[in-house]
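K.L.:
Under our numbering, the first residue of the sequence shown is numbered -16, with each subsequent residue one higher.
The beta-carbon is built from N, C-alpha and C at its ideal position, and this holds for glycine as well.
Quick caveat: nothing in here was measured; it's all calculated off a predicted structure.
Handing you this structure, nothing more for now.
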Amino acid sequence: MSALPEVGPLLQRMADELTDYLKQRQISEPAFVGIHTGGVWVAEQLRKLCLPDAPMGTLDIAFYRDDFAQNGLQPGVQPSELPFSVDDRHLILVDDVLMTGRTIRAALNELFDYGRPASVTLVTLLDIEARQLPIRADVLGSSLVLPAGQRVKLTGPDPLQLTLNPVAKH
């Protein structure tokens, strides 16, 4: 596997792609929604780069995970904060790593509990291409195929860096 990409250049390219994507779809005044924790960091950076006046919210999808019954509540759960109405608003949902699609499914379920958005644009820094659900990013930083037993993690918030870590054994 090649070296992990640098986050800064990925974010700049993603900001340019997101700006074009929104313009093509005539979406104005969207709100950013970052998924805790890495997605919030990525959303904050993209917001600074392309829409600094856009509202920003955060989701902690811990209670919406489909493995909640088996695994229970993870430590460090934070409340979701959406300081704007979701109804009829264009949302930019941001996560750091798209792998199985289950986190995004949980985030969509939570968003719809808040209301009915006009649209949801999915933006992810990395796609690990290990999909279990038919979910893909509209704007993507990079795709990676990881060696068996490895996971990629975004650390931050300052600086944002990608690290490769072994999968924790249960």
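Among ASP43, ARG48 and VAL103, which has the Cα closest to the Cα of VAL60?
P.N.:
Distances from the alpha-carbon of VAL60 to those of ASP43, ARG48 and VAL103 put ASP43 closest.
K.L.:
If GLY98 sits next to LEU(-7), beta carbons under 8 Å apart, how far is it from one beta carbon to the other, in whole angstroms?
P.N.:
Contact check for GLY98 and LEU(-7): beta-carbon distance about 31 Å, past the 8 Å limit, so the pair fails to qualify.
K.L.:
Taking the alpha-carbon of GLU93 as reference, which of VAL69, PRO140, ILE118 and VAL(-10) has the nearest alpha-carbon?
P.N.:
VAL69
K.L.:
Contact defined as beta carbons within less than 8 Å: I believe ARG119 pairs with ALA89. What is the distance between those atoms, to the nearest angstrom?
P.N.:
With a Cβ gap of about 16 Å, ARG119 and ALA89 do not count as contacting.
K.L.:
ASP110 and LEU81 - do their beta-carbons sit closer together than 8 Å?
P.N.:
yes
K.L.:
Assign VAL128 to one of two classes, buried (16 or more other C-beta atoms within 10 Å of its C-beta) or exposed (fewer than that).
P.N.:
exposed
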